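Enquirer: Numbering (my numbering), first residue to last: 1 to 101. Positions of the beta carbon are idealized from the N, C-alpha and C atoms, including for glycine. From a predicted model like this one, the values you see are computed outputs, not experimental measurements. Handing you this structure, nothing more for now.
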Amino acid sequence: MESVLNWSVIISIIGVLVVLTNIIVQVVKKAVWDKLPTNVLAVIVSMALTLLTFFAYCQIKAIVVVWYMVAAAVVLGFMVSYAAMFGYDKLMEAIGKAGKQ
């Protein structure tokens, strides 16, 4: 049986999500600068993109969605927003510190 997760595809999708989040936030923040802080906008955009991508991936691969998969997608959305806000280097530093503890 083939594994549900293809890690090279998932890592590539995460990179694309970070880039798309950066692009969308840069475009939209000029319109909502006074109303919404940029970091909040980045979290909203990354969550929307991550969840849409997650459900599309599950639909394409015919994967049954279970509650813990959605929870993992939300956590991944926070990771995408963190990477979009603070950059790839700080994300890798945080993951490295978490792995050592």
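Quick one: measure Cβ to Cβ for Val80 and Leu41, integer angstroms, because I've assumed they're closer than 8 Å.
Expert: Taking the first residue of the sequence shown as 1, we reach residue 80 at position 80. Taking the first residue of the sequence shown as 1, we reach residue 41 at position 41. With a Cβ gap of about 13 Å, Val80 and Leu41 do not count as contacting.
Enquirer: Would you mind sorting Gly151 into buried or exposed? The rule is 16 or more other CB atoms within 10 Å of its CB.
Expert: Within the shown structure, residues of the chain are numbered from 1 to 101, placing residue 151 beyond reach of any answer.
Enquirer: Along the alpha helix (DSSP H) that carries Lys29, what are the first and last residues, could you check?
Expert: Residue mapping note: residue 29 aligns to position 29 of the sequence shown, counting from 1. Element bounds for Lys29: Trp7 to Val32.
Enquirer: Would you list, in sequence order, the uninterrupted alpha helix (DSSP H) runs of no fewer than 4 residues that lie entirely inside the region 64 to 97?
Expert: 67 to 86
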